[in-house]
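When you line the sequence shown up against my numbering, it's residues 1 to 114, in that order.
Just so you know, even glycine gets a beta-carbon here, dropped at the ideal spot from N, CA and C.
Quick caveat: nothing in here was measured; it's all calculated off a predicted structure.
Comments concern the structure below.
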Amino acid sequence: MKNVLIENILELISKLNLLELSDLINKIEQKFNLKIDNNIEEIKKNKFDIFLKEVGDKKINLIKVIKEITNLSLKESKDLVEKKNSLIKSDLSKEQCEEIVKKINNVGGKVEIK
Numbered sequence: 001m002k003n004v005l006i007e008n009i010l011e012l013i014s015k016l017n018l019l020e021l022s023d024l025i026n027k028i029e030q031k032f033n034l035k036i037d038n039n040i041e042e043i044k045k046n047k048f049d050i051f052l053k054e055v056g057d058k059k060i061n062l063i064k065v066i067k068e069i070t071n072l073s074l075k076e077s078k079d080l081v082e083k084k085n086s087l088i089k090s091d092l093s094k095e096q097c098e099e100i101v102k103k104i105n106n107v108g109g110k111v112e113i114k
C-alpha cells in the first residue's frame, strides 16, 4: 500500500516543471525543517542544456520539431533524432527549456535537462 502511494507521489512530481519542482523542494524543507542541498544549485542555475532521451512513436513529427527548434537541415535533424542522448540545444533559460520540452513532449519525445 505504501509503495503505491509513493509511486503515485513520484508520478505527480515527475510532471512538474523546474520552477514548480524548486518551489516544492523549498516547501518540503520548510514544512519538515530540513535542508536539502543535493544539486539545488543545479536547479537554480541560469542556463540549461536539453538532451533527447526517447524518440517515441511519432519520429517524423519529432524530426520536424527538432528542425524548427535547432534551425538545422532536415537531414541533420534526422541524424540528431537517431543519435542516442543527443544534445538538442544548450545555454537556454528556464522559460526556453520549458517551451522546447512542451513541443518535444507533444510529439511523443522525452528529454533530459541538465
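Across the set LYS59, ASN33, SER73 and CYS97, the C-alpha of CYS97 shows the shortest separation from the C-alpha of LYS114. For VAL111, the enclosing beta strand (DSSP E) covers residues 110 to 113. GLU95 places its beta carbon 8 Å or farther from that of PHE51. Secondary structure within the stretch 30 to 100: the beta strand (DSSP E) runs of 3 or more consecutive residues, fully enclosed, are 48 to 54 and 86 to 92 (chain order). Annotation: ILE100 to GLU76 spans about 18 Å, alpha carbon to alpha carbon. Here the C-alpha atom of ILE63 lies approximately 44 Å from the C-alpha atom of LYS31. Apart from the 5 residues on each side of it in sequence, LYS53 sits with its Cβ closer than 7 Å to the Cβ of ASN85, LYS110, VAL111 and GLU112 in its chain, given in chain order. Going by C-alpha positions, LEU80 is about 45 Å away from ASN33. Beyond the five residues adjoining it in sequence on each side, VAL107 comes within less than 6 Å, by CB distance, of LYS58, ASN61, LEU62 and VAL65 in the same chain, given in chain order. Looking from the CA of VAL55, the closest CA among LYS78, THR70, PHE48 and LYS47 belongs to LYS78.
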